[in-house]
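Everything below concerns the one structure shown next.
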Amino acid sequence: MPSKARSRAACSPSRSLTPISASGRYSYYSGYYHRHAFDDCARYLWPELADVDKLVIGSFCSIGTGASFMMAGNQGHRNDWVSSFPFFYMKEEPAFAGAQDAFRKAGDTVIGSDVWIGAEAMIMPGIRIGHGAVIGSRALVTKDVEPYTIVGGNPARPLRKRFGDEDIALLLEMAWWDWPLNDIEAAMGLLCSGDIRGLHARWRMGQAGAGGEAS
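Taking my numbering, the leading residue of the sequence shown gets 3, the next gets one more, and so forth.
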């Protein structure tokens, strides 16, 4: 594989996310073709403000080049007012002195674990994407995405589930992305296969051996 295809930036608070963002283990942003770090994907995040919406990314997420996360709620634009212009942000203009603050939060944007976000996809404010979901390239995500669902288009719509409902329930029960690294290593052969039932059986055996505690 060419080295440029493997050019990746880890999505960790200590390396590339802003202080008001958080990510889990091993999630990465593959930004070679857009020539920027993950900071530029998280739009309108303000580290100096403690009460704004946060971007939370789970573990083992793959984020394609040019993906973007729109933050900061409505960014001061009220489409239910006569004008959507953010007069309040231009206090230096005397004529705008009477403007009201139009900012509204949208809630945290939360990306589950083992999520694959395609190149140039855009995630709108306050969206929650479930574990195991796949976001198609250049999709515009305006609604929450259920776990293990593939979405695409503008606006993004569900295309299909990755697995049947019973298998999805097993995957969510196991939550393999939370396992200790040695357990992940031991189960790698199953993780790199379609054998969900086999992985679940192995996990249950681990639970029984640990006296009921999850592996």
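Glycine is no exception: its CB is placed at the ideal position from the N, C-alpha and C atoms.
- For glycine 166, there is no enclosing beta strand (DSSP E), since its DSSP letter is neither H nor E.
- DSSP lists Ile65, Ile137 as the beta-bridge partner residues of isoleucine 119.
- Between the alpha carbons of glycine 68 and glutamate 122 lies a distance of about 4 Å.
- A distance below 9 Å separates the beta carbons of arginine 204 and alanine 189.
- When rounded, the separation of the alpha-carbon atoms in proline 149 and valine 84 is 39 Å.
- In this structure, DSSP gives proline 157 a state outside helix and strand, which the three-state scheme calls coil.
- With respect to the 9 Å criterion, methionine 124 and methionine 72 are classified as neighbours on the basis of their beta carbons.
- In this structure the stretch 171 to 190 does not lie against the stretch 154 to 163, because fewer than three pairs of beta carbons, one per stretch, are closer than 8 Å.
- If you ignore the 5 residues before and after tyrosine 35, its C-beta comes within less than 6 Å of the C-beta of Thr67, all in its own chain and listed in chain order.
- Of all alpha-carbon atoms in Ser139, Arg159, Arg140, the one lying nearest the alpha-carbon of valine 147 is that of Arg159.
- For isoleucine 131, the pairing in a beta bridge is given by DSSP as Ile113, Val147.
- Secondary structure note for leucine 47: it is in no beta strand (DSSP E), with a DSSP letter that is neither H nor E.
- A residue is called buried when at least 16 other Cβ atoms come within 10 angstroms of its Cβ; glycine 33 meets this threshold and is buried.
- Taking the Cα of aspartate 55 as reference, the smallest distance to any Cα among Leu47, Ala104, Phe62 is reached at Leu47.
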